[in-house]
Amino acid sequence: MTEQGAKIKEFHSTGELASFLGATLKGSPEIQITGLGTLEEAGPGQLSFLTGARYAHLASQSNASALIVPPSFAHLEHTLLICSQPDLAMARVAHLFSKPLFLNEGIDKSAHIGSNCEFGSGVRIGPLAHVGSNCRLGSSTRICGSCYVGNDVCIGDDCMIYPSATILDGCQIGNRVIIHSGAVVGSDGFGFVQDDKGRHQKIPQIGVVQIDDDVEIGANCTIDRARFGKTWIQRGTKIDNLVQIAHNVVVGEDCILISQVGISGSTKLGNHVILAGQVGLVGHIEIGDRVRIGAKSGVPHSVKAGEDVSGIPAIPHKEFLKMLVHMRRLPEFREELRQLKAKINELEKAKHRD
Amino acid sequence: MTEQGAKIKEFHSTGELASFLGATLKGSPEIQITGLGTLEEAGPGQLSFLTGARYAHLASQSNASALIVPPSFAHLEHTLLICSQPDLAMARVAHLFSKPLFLNEGIDKSAHIGSNCEFGSGVRIGPLAHVGSNCRLGSSTRICGSCYVGNDVCIGDDCMIYPSATILDGCQIGNRVIIHSGAVVGSDGFGFVQDDKGRHQKIPQIGVVQIDDDVEIGANCTIDRARFGKTWIQRGTKIDNLVQIAHNVVVGEDCILISQVGISGSTKLGNHVILAGQVGLVGHIEIGDRVRIGAKSGVPHSVKAGEDVSGIPAIPHKEFLKMLVHMRRLPEFREELRQLKAKINELEKAKHRD
Amino acid sequence: MTEQGAKIKEFHSTGELASFLGATLKGSPEIQITGLGTLEEAGPGQLSFLTGARYAHLASQSNASALIVPPSFAHLEHTLLICSQPDLAMARVAHLFSKPLFLNEGIDKSAHIGSNCEFGSGVRIGPLAHVGSNCRLGSSTRICGSCYVGNDVCIGDDCMIYPSATILDGCQIGNRVIIHSGAVVGSDGFGFVQDDKGRHQKIPQIGVVQIDDDVEIGANCTIDRARFGKTWIQRGTKIDNLVQIAHNVVVGEDCILISQVGISGSTKLGNHVILAGQVGLVGHIEIGDRVRIGAKSGVPHSVKAGEDVSGIPAIPHKEFLKMLVHMRRLPEFREELRQLKAKINELEKAKHRD
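Residue numbers (my numbering), protein chains in the order written: chain A, 13 to 366; chain B, 13 to 366; chain C, 13 to 366.
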């Protein structure tokens, strides 16, 4: 009856899993696996995994009933599923055991649906959700309970909009996009002009937000609509919780933005950029492809493709590390300087005596 | 029928816009303007603007059908609307093209309204919104869908409370206030006393939040209620997304608080204070009028009116800039110190030889 | 009829309060106290308190009708409630005057309740709230209006879930837990593996969040569910607004996490840890019991029990303070170095002249 009942099997045998993964099985194909765990925490009936030598000591002691390992660990005494990328394999297995948030089929009768909407097949809308007028939802997209989707919103296929997320008027969402609870997409950009009395007059924000395929937006993120045009998150980018994206920002493809990052207006990121936690970027700069920015850094200027930068203000990461070493040795420098001074005084006195 | 249908015109002619702005028109008054854009992005039918020499090279290449420019650019070959403050003019025009979030007239039948409320004329309340008991809403105020307004809340005229915002019991909101989605106004202040077992006992937070006229509160901000009395945001202050305002904080008039700022309990800001992104202020300090605090700074003490400060901990901005230069040159100092030491050793040896 | 009508008295006499607190009364037992305030703000009819000598000058001028004071201030001329811990006493009195957010008895008819739930006696569920299927709510627990509680959620006794909070599927909440508005408990952890095209493939997050007794979670916090197993907040820990807790983090007992803190995945905190505002911790480290971390610090490695650390990256707090002093004196060092160089040049010239 229920989605969960239909889709989730309670267990998978080691033989089934080996075949699902295209892995080489060493040991019994009949062991029933009912869940997953870390090497330390997994118990009987659970599957765990080892990616490399660093955790090998934990593998030998693990109580897991089976392990996914790379070929270099084929000698372990556990039941083994041997394959070249154990982390990727583990992620694939986790999907088998993952229960998607349950939503009844169809549209809950307590949801509010505006006029003139077009919904693809298999759309599910949860209790007390709001979908405005003139919206298009692609097939199999889910709007969970207590979400707010405004007017003129277009969402592609196979999207998951978690409970209590808010997508405001006119925003455009691609396919397979995941938006977590409490995220706000399409709030006004922060723009004012001062009038002659020094008061801040609002600049209307008449643009939208566009989110491309395979993007994930974390819980309680805020993504502002553009002043004109669009704020744009491109394909495959993954955004952690509580991140702020200001108006007219462009984030390229396959970027990773860790929690509590803030990006100011009109800044542009290339592809495969990584921003560590609590990084802040000023507005109107460009961050090149594959740039990595260290945690808590503040970036006041553009950064060229491929660079690693850190610090407040951010400088090349290697220079930053050297600077830190020198900063910690400042008291020592100070003492050396004092000693040199004393010696020079001595030398000067000696000279005068000559 | 609908609000949008009633208020939004699809286009405005250059002649109408010149007259609306009190601008001097150079060129045809008959060009139909259907939207706005930046100099780089605006295309046919769109209006753009130029504020000064910095972007003049973009103006000459712009595909916009007309430009708002200051008198010093009256020589450009585009159709021009010439006026003294192009940025203010552009903001005014943007209002003409801005579609306010659509809300049907009156109170949606799926909204929950408590007892004993008084609503001014033209109040609109969206689907699945909650307004508690004993609330007063001024005329033309809008509570969008999925908002939560608690009991004993008073909101003035012409306010806009965006979807999924939360205003808790007893809070007082002025006129023309805008509160964005996901903002929480009136959560408990963070206050505990340790009992003799070292456990944290909650101090009830029995005060409220007062927000004065013309304030704007960003998406997913949190503004805590006072322990006693009130947390107070004064007239004209604009707050970006994800800002934290603790209990009993007072923010003066016309301040600008950029995204992810945090202000600790009982701190007081004067008027026209600017806090850049991710700034943190400790509790129980005073920040004078017109103080500006650089991005990511941490401020552990009061700051006098008119000062600019930066850094962790914050120091006068000019001193901060000098310190940064010296920090980057530390490896060089180190090398100089090493060389001096060698020279002194030589001198000492020479002396002993004498 | 209403909860407030039943529980809240409008005033308490000084005699009643002395008896409630076990305090020694000096002065009239007949004074009617109608509210609380700070020494500076409390007026006639209000009670205030003094904890020590620091604010004694304010006490003598206070307009409060009565003061809670320690025995060392029994000489003050106000009506006094004398007891050993005035701050704890004040918190206890504040509870008498605190109006809990009003909720009608029972389950509002506009709430959505799934199937197969078990509710203890005195459970209240507000308008437009969502409680999924297979949930257990302990006695006297309140789910306020517009909350979202998912499926398979277990919440203990006497909990308060404020409006617009979100608790996702499978999470486990203890007794007397308070969760503030906009908080999200159980969002997906942020975990991806790169496939051979460099694209980020989602690792399903199949664990839960467990929150133990007497925990308080601030407004708009995000607490991610575990990859496997659980993210775990232990008894008595208090978390301020906008804090990020990543997947598989363990926070010990009686910790204090100030606003805008971020804790990365799998990091473990001991008991009585204090993280000041905007602190960031990397993943997979251990923070010992009673560690205190200064505001805005970034912590890249484990910290031993009892240590105080500060800075980016964090170092022992005392060393950090010394380093700051030396940093501010860098221009001075520079100048000294320049002078020494000049003197050495002189000495060298002199030597060559010899």
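A virtual CB, placed ideally from N, CA and C, is assigned to each residue, including glycine.
Are the Cβ atoms of residue i and residue j separated by less than 9 Å?
| i | j | result |
| --- | --- | --- |
| LEU149 of chain A | GLY132 of chain A | yes |
| VAL305 of chain C | ALA288 of chain C | Reading off the sequence, residue 305 of chain C comes out as Ile, not Val. Yes, they are a contact pair. |
| VAL337 of chain A | ALA326 of chain A | no |
| GLY186 of chain B | ASP226 of chain B | yes |
| ASP320 of chain B | PRO328 of chain B | yes |
| GLY310 of chain A | VAL291 of chain A | yes |
| ALA105 of chain C | HIS24 of chain C | One detail in the question is off: residue 105 of chain C reads as Val in this sequence, not Ala. Taking 9 Å as the Cβ cut-off, VAL105 of chain C and HIS24 of chain C qualify as a contacting pair. |
| GLY219 of chain B | ALA238 of chain B | yes |
| ILE268 of chain B | THR249 of chain B | yes |
| LEU293 of chain A | ILE275 of chain A | yes |
| ARG341 of chain A | ARG346 of chain B | yes |
| GLY57 of chain C | GLN73 of chain C | no |
| LEU48 of chain A | LEU62 of chain A | no |
| GLY194 of chain C | GLY194 of chain B | yes |
| VAL161 of chain A | MET172 of chain A | no |
| ILE245 of chain A | ILE223 of chain A | yes |
| GLN256 of chain A | GLN256 of chain C | no |
| CYS159 of chain A | GLN184 of chain A | no |
| PRO98 of chain C | PRO82 of chain C | yes |
| LEU140 of chain B | LEU108 of chain C | no |
| LYS353 of chain C | GLU348 of chain B | yes |
| ALA103 of chain C | VAL205 of chain B | yes |
| ILE324 of chain A | LYS308 of chain B | yes |
| GLY55 of chain B | GLU42 of chain B | no |
| GLY146 of chain A | ASP169 of chain A | With the sequence shown as reference, residue 146 of chain A is identified as Asn, and Gly is not the correct amino acid for it. It is not a contact, given that the beta carbons lie outside the stated cut-off. |
Which one of the options has the shortest CA to CA distance from residue i?
| i | options | result |
| --- | --- | --- |
| ILE137 of chain A | A:GLY157, A:ASP266, A:ASN146 and A:ALA238 | A:GLY157 |
| VAL277 of chain A | A:ALA71, A:GLY168, A:THR243 and A:LEU180 | Inspection of the sequence shows that residue 277 of chain A is occupied by Gly rather than by Val. Here the closest residue by C-alpha is A:THR243. |
| SER122 of chain A | A:HIS142, A:LYS280, A:PRO112 and A:LEU108 | A:HIS142 |
| THR120 of chain A | C:GLY144, C:PRO98 and C:MET102 | The displayed chain sequence assigns Asp, not Thr, to residue 120 of chain A. The residue with the shortest Cα to Cα distance from ASP120 of chain A is C:GLY144. |
| SER134 of chain B | B:ASP266, B:SER151 and B:VAL273 | First, the amino acid is wrong: residue 134 of chain B is Gly here, not Ser. Among B:ASP266, B:SER151 and B:VAL273, the Cα nearest to that of GLY134 of chain B belongs to B:SER151. |
| ASP252 of chain C | B:ILE251, B:ALA258, B:ASP252 and B:PRO139 | B:ALA258 |
| ASP208 of chain C | A:ARG154, A:LYS334, A:LEU100 and A:GLY39 | A:LEU100 |
| SER110 of chain A | A:ARG302, A:THR46 and A:GLY34 | A:THR46 |
| ASP266 of chain B | B:ARG302, B:THR26 and B:ILE297 | B:ARG302 |
| HIS87 of chain C | C:GLY168, C:GLU130, C:LYS38 and C:GLU42 | C:LYS38 |
| SER31 of chain C | C:LEU70, C:CYS95, C:GLU344 and C:GLN351 | C:CYS95 |
| ILE299 of chain C | C:GLU331, C:LEU333 and C:VAL262 | C:VAL262 |
Open item on the list: Tell me whether the segment 61 to 78 of chain A and the segment 89 to 105 of chain A touch, counting them as touching only if at least three CB pairs, one residue from each stretch, are closer than 8 Å.
Closed with: yes
- [ ] Could you tell me whether the segment 184 to 203 of chain A touches the segment 230 to 243 of chain B, where touching means 3 or more Cβ pairs closer than 8 Å?
- [x] Enough Cβ pairs lie closer than 8 Å, so yes.
Task: Given 8 Å, three or more beta-carbon pairs between the segment 205 to 217 of chain C and the segment 170 to 187 of chain C - done: no
TODO: Would you mind listing the alpha helix (DSSP H) stretches within the segment 271 to 341 of chain C that are 4+ residues and don't spill past its ends, in chain order?
DONE: 329 to 340
Task: Ranges of the beta strand (DSSP E) found wholly within the segment 26 to 77 of chain A, counting only runs of at least 3 - done: 36 to 38 and 58 to 61
- [ ] Can you give me, in chain order, the residues of the segment 333 to 354 of chain A that have a beta carbon less than 8 Å from any beta carbon in chain C?
- [x] LEU336, MET339, ARG340, LEU342, PRO343, PHE345, ARG346, LEU349, LEU352 and LYS353
Open item on the list: Across the segment 118 to 132 of chain A and the segment 57 to 77 of chain A, are there enough close Cβ pairs to call them in contact, namely three or more that are closer than 8 Å?
Closed with: no
Task: Residues of the segment 51 to 84 of chain A whose Cβ lies closer than 7 Å to any Cβ of chain C, in chain order - done: In summary, the residues of the segment 51 to 84 of chain A whose CB is separated from some CB of chain C by less than 7 Å are GLU53, in the order they occur in the chain.
- [ ] Could you run through the segment 277 to 294 of chain B and flag, in chain order, every residue whose CB is less than 8 Å away from some CB of chain A?
- [x] HIS284, GLY289 and GLN290
Open item on the list: By the 8 Å beta-carbon criterion, what residues does the segment 233 to 262 of chain B contribute toward chain A?
Closed with: GLY248, LYS250, ASP252, ASN253 and LEU254
Task: Segments of 4+ residues assigned as alpha helix (DSSP H) that fall wholly inside the segment 97 to 176 of chain B - done: 98 to 109
- [ ] Identify each residue in the segment 193 to 213 of chain B for which the Cβ-Cβ distance to at least one residue of chain C is less than 7 Å, and report them in chain order.
- [x] GLY194, VAL196, SER199, ASP200, PHE202, PHE204, VAL205, ASP207, GLY210, ARG211, HIS212 and GLN213
Task: Cβ-based contacts, 7 Å cut-off: residues of the segment 298 to 325 of chain A near chain C - done: ALA307 and LYS308
TODO: Pull out every residue of the segment 111 to 123 of chain A whose Cβ sits closer than 7 Å to any Cβ of chain C, in chain order.
DONE: Residues of the segment 111 to 123 of chain A whose Cβ lies closer than 7 Å to any Cβ of chain C, in chain order: LEU113, PHE114 and SER122.
Open item on the list: What are the residues in the segment 86 to 106 of chain A lying within 7 Å of chain C by C-beta distance?
Closed with: Listed in chain order, the positions of the segment 86 to 106 of chain A with a beta carbon within less than 7 Å of a beta carbon of chain C are ASP99, LEU100, ALA103 and ALA106.
TODO: Mind checking the segment 27 to 44 of chain A against chain B and listing, in chain order, the residues whose C-beta falls within less than 7 Å of any C-beta there?
DONE: none
Open item on the list: Using a Cβ-Cβ cutoff of 7 Å, what residues of the segment 138 to 166 of chain C are near chain B? List them in chain order.
Closed with: Cβ contacts with chain B: PRO139, LEU140, GLY157 and SER158.
Task: Residues of the segment 166 to 181 of chain B with Cβ closer than 8 Å to any Cβ of chain C, in chain order - done: SER176, THR178, LEU180 and ASP181
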